[in-house]
Amino acid sequence: KAGVTQTPRYLIKTRGQQVTLSCSPISGHRSVSWYQQTPGQGLQFLFEYFSETQRNKGNFPGRFSGRQFSNSRSEMNVSTLELGDSALYLCASRPRDRPNTGELFFGEGSRLTVL
Amino acid sequence: KQEVTQIPAALSVPEGENLVLNCSFTDSAIYNLQWFRQDPGKGLTSLLLIQSSQREQTSGRLNASLDKSSGRSTLYIAASQPGDSATYLCAVAGQGGSEKLVFGKGMKLTVNP
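If you're matching them up, the sequences are chains A and B in order.
For the first sequence, this note's numbering assigns the number 641 to the initial residue and increments by one for each residue that follows.
For the second sequence, this note's numbering assigns the number 14 to the initial residue and increments by one for each residue that follows.
Right under this line is the structure:
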């Protein structure tokens, strides 16, 4: 069974640009969540989607957005990039819906560098 | 607001030692707690998940315990090996089965041959 797949794995952008990251969950998983990981802040929750609906959102500015498609694949977008957006962006999927009793499975991440 | 702390931030030990990694959280009203491992430049690998009604979980050389009332969890690694070198993170899910996990900043473990 394939794991969570994230593309691209690495990318470099300049300030002011925008970026779109993609995540394909494990087959059959309908819940997808996104996290940002930086050396200073650690792992922080961005948002979570289930059945194409955003169900929960972390404390990030509106420049961070996402969506989920009918096949459960998810994308996140960051507009007007800032240097501080440089991070590893991790996507995770879960086998069950609420209540949250299942493990969270993570992808390898997309490492974004903003110059 | 839930806060998760892992102390120390780093640990270096010789091969063969039995290890205890600590995790503490401020709000005891959790739904579950999960331990992860992260290798450099990689994503997170789930090690153990403990539901709030459970006291411990075991997988191979790993054993995780949970004491909700004191806001603590420990991950015990028996007979450590160089391959155990990685960063270990704990994360808690809020009561109600929140999808949002709150993570500690992790503990970097180095096991020397």
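Glycine included, each C-beta is placed from N, C-alpha and C at the ideal position.
Values in this document were obtained by computation on a predicted structure and should not be read as measured data.
Item                                                                                                                                                               : Value
Would you list, in sequence order, the uninterrupted beta strand (DSSP E) runs of no fewer than 3 residues that lie entirely inside the region 686–730 of chain A? : 693–697, 704–708 and 714–718
Starting from the Cα of V17(B), find the closest Cα among G84(B), L122(B) and F38(B) and give me that residue.                                                     : F38(B)
Have a look at Q70(B) and M120(B) and give me their C-alpha separation to the nearest angstrom.                                                                    : 20 Å
Is P27(B) helix, strand or coil when you go by DSSP?                                                                                                               : strand
Buried or exposed: where does I63(B) fall if 16 or more other Cβ atoms within 10 Å of its Cβ makes it buried?                                                      : buried
Name, in chain order, the residues that DSSP records as bridge partners for E743(A).                                                                               : None, per the DSSP bridge assignment.
Smallest Cα separation from L79(B): which of G73(B), N125(B) and Y44(B)?                                                                                           : Y44(B)
Around the Cβ of I20(B), are there at least 16 other Cβ atoms within 10 angstroms (buried) or fewer (exposed)?                                                     : exposed
Pick from V644(A), V754(A) and L683(A): whose alpha carbon is nearest that of V105(B)?                                                                             : L683(A)
With a threshold of 9 Å between beta-carbons, can L730(A) be considered close to chain B, or not?                                                                  : yes
Strictly below 7 Å CB to CB, what residues from chain A border F116(B)?                                                                                            : G682 and L683
Taking all protein chains shown into account, decide if S72(B) is buried (16 or more other Cβ within 10 angstroms of its Cβ) or exposed.                           : exposed
My parser needs the beta strand (DSSP E) runs of 3 or more residues fully inside the region 45–98 of chain B; what are they?                                       : 57–64, 69–72, 75–80 and 85–90
Between R649(A) and E715(A), is the Cβ-Cβ spacing less than 9 Å?                                                                                                   : no
Using the beta-carbon count (16 or more within 10 Å), is V33(B) buried or exposed?                                                                                 : exposed
Helix, strand or coil for Q646(A), going by three-state DSSP, please let me know.                                                                                  : strand
Quick check: W48(B) and A22(B), are their CB atoms within less than 9 Å of each other?                                                                             : no
Starting from L79(B), find everything on chain A with Cβ-Cβ shorter than 9 Å and list it in chain order.                                                           : In chain order: nothing, as chain A lies at least about 14 Å away.
So what's K113(B) in DSSP terms, helix, strand or just coil?                                                                                                       : coil
Since S66(B) meets chain A, which of its residues come closer than 7 Å, beta carbon to beta carbon?                                                                : In chain order: nothing, as chain A lies at least about 10 Å away.
With DSSP as the reference, identify every bridge partner of A732(A), one or two as the case may be.                                                               : S673(A) and F746(A)
Could you round the C-beta distance between L752(A) and L686(A) to whole angstroms and report it? I think they count as a contact, below 8 Å.                      : That belief does not hold up - the Cβ atoms of L752(A) and L686(A) are roughly 13 Å apart, past 8 Å.
Consider the Cβ of L62(B): report whether some Cβ of chain A lies at a distance smaller than 9 Å.                                                                  : yes
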